[in-house]
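K.L.:
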Amino acid sequence: MSNDRLEAILAAAYECFTRHGVRRTTMDDIAATAGMSRPAVYQYVRNKDDAYRRLAERLFADSLAQARRAATAPDADLRQRLHDVLAAKLELTLRLHRESRHAAELLDTSTRLTGDLAEAYTRELTDVVAGALADAAGPRARPVADVLVALTRGLEADLTDPDLPRRRLREGVALLVAGLAHPGAPA
Numbered sequence: 628m629s630n631d632r633l634e635a636i637l638a639a640a641y642e643c644f645t646r647h648g649v650r651r652t653t654m655d656d657i658a659a660t661a662g663m664s665r666p667a668v669y670q671y672v673r674n675k676d677d678a679y680r681r682l683a684e685r686l687f688a689d690s691l692a693q694a695r696r697a698a699t700a701p702d703a704d705l706r707q708r709l710h711d712v713l714a715a716k717l718e719l720t721l722r723l724h725r726e727s728r729h730a731a732e733l734l735d736t737s738t739r740l741t742g743d744l745a746e747a748y749t750r751e752l753t754d755v756v757a758g759a760l761a762d763a764a765g766p767r768a769r770p771v772a773d774v775l776v777a778l779t780r781g782l783e784a785d786l787t788d789p790d791l792p793r794r795r796l797r798e799g800v801a802l803l804v805a806g807l808a809h810p811g812a813p814a
């Protein structure tokens, strides 16, 4: 099977889901947007839930790849690396809110259809953050990473002003890194 065709189907699915929402999108919509027949689309995805799940896998994988690159950026200090790792997650949510008036439905559907993928994504992202913190935080790297990921998730709750969570993420990371620099900081 052609990877290009699957990519075209997933791009069409994203366009349809963001335009119509998951509930109102049909396989006919996806096929028409992809410029393919419905039977041709069914050769690549079982149904629209399968298309949504595959799309979520791709979005999570892309975000994790971006986070991993940021974690190992050779010219960035710890604060910048941590910010950029967490920004990969925040920007994924901001993008969805920017591109769709159905973002709340898409995120809710994501929990129902892809909750296991979202949990795995969060776990892997936390691992990336903990790895970036290993030298500076030592044995506290994992709990500090948990706090930073929770901070980012909390910032996603109010996206009425997309610049506000971006600023708060930068400030939160800066405060946490400053706290790590003080040896007498509580464990």
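FYI, the numbering for the sequence shown is 628 to 814, going by the numbering used here.
Ideal Cβ positions, reconstructed from N, Cα and C, are used throughout, including at glycine.
Just so we're clear, the structure is a prediction, and the values are computed from it rather than from any experiment.
(1) What's the gap between the Cα of Arg-822 and the Cα of Ala-757?
(2) Could you tell me the alpha carbon to alpha carbon distance between Tyr-679 and Thr-652, rounded to whole angstroms?
(3) Quick check: what's the CA-CA separation for Asp-816 versus His-724?
(4) Could you tell me the alpha carbon to alpha carbon distance between His-729 and Gln-693, rounded to whole angstroms?
(5) Measure the C-alpha to C-alpha separation of Leu-719 and Phe-687 and round it to an integer number of angstroms.
(6) Taking all protein chains shown into account, decide if Arg-708 is buried (16 or more other Cβ within 10 angstroms of its Cβ) or exposed.
(7) Could you give the C-beta distance for Leu-775 and Leu-803, rounded to a whole number, given that I count them as a contact under 8 Å?
(8) So, using beta-carbon positions, are Thr-753 and Ala-777 closer together than 7 Å?
(9) Would you tell me roughly how many angstroms separate the C-alpha atoms of Leu-733 and Gly-648, rounded to the nearest one?
(10) Run the CB neighbour count on His-710, radius 10 Å, all protein chains shown included, and call it buried at 16 or more, exposed below.
(11) Please tell me whether Leu-616 and Ala-763 are closer than 7 Å, where the distance is taken between their beta carbons.
P.N.:
The short version:
(1) The requested residue 822 is not part of the displayed model; the chain covers only 628 to 814.
(2) For the purposes of this step, residue 679 is taken as residue 52 along the sequence shown, with counting starting at 1. For the purposes of this step, residue 652 is taken as residue 25 along the sequence shown, with counting starting at 1. Going by C-alpha positions, Tyr-679 is about 11 Å away from Thr-652.
(3) The requested residue 816 is not part of the displayed model; the chain covers only 628 to 814.
(4) Here residue 729 is taken as the residue at index 102 of the sequence shown, counted from 1. Here residue 693 is taken as the residue at index 66 of the sequence shown, counted from 1. The C-alpha of Gln-693 is placed about 25 Å away from the C-alpha of His-729.
(5) For this step, residue 719 is matched to residue 92 along the sequence shown. For this step, residue 687 is matched to residue 60 along the sequence shown. Near 8 Å, if we compare the C-alpha coordinates of Phe-687 and Leu-719.
(6) Walking along the sequence shown from the start, residue 708 turns up at place 81. Buried, since its Cβ has 16 or more Cβ neighbours within 10 Å.
(7) Numbered from 1 along the sequence shown, position 148 holds the residue referred to as residue 775. Numbered from 1 along the sequence shown, position 176 holds the residue referred to as residue 803. Indeed, because the Cβ distance is near 7 Å, the residues count as touching under 8 Å.
(8) Stepping through the sequence shown from its first residue, residue 753 is reached at position 126. Stepping through the sequence shown from its first residue, residue 777 is reached at position 150. Cβ atoms of Thr-753 and Ala-777: not closer than 7 Å.
(9) Here residue 733 refers to the residue found at position 106 when the sequence shown is read from its first residue. Here residue 648 refers to the residue found at position 21 when the sequence shown is read from its first residue. When rounded, the distance between both Cα atoms is 7 Å.
(10) Indexing the sequence shown from 1 puts residue 710 at position 83. With a 10 Å radius around the Cβ and a threshold of 16 neighbouring Cβ atoms, His-710 comes out buried.
(11) In the structure displayed, the chain extends from 628 to 814; residue 616 sits before or after that span and is not available.
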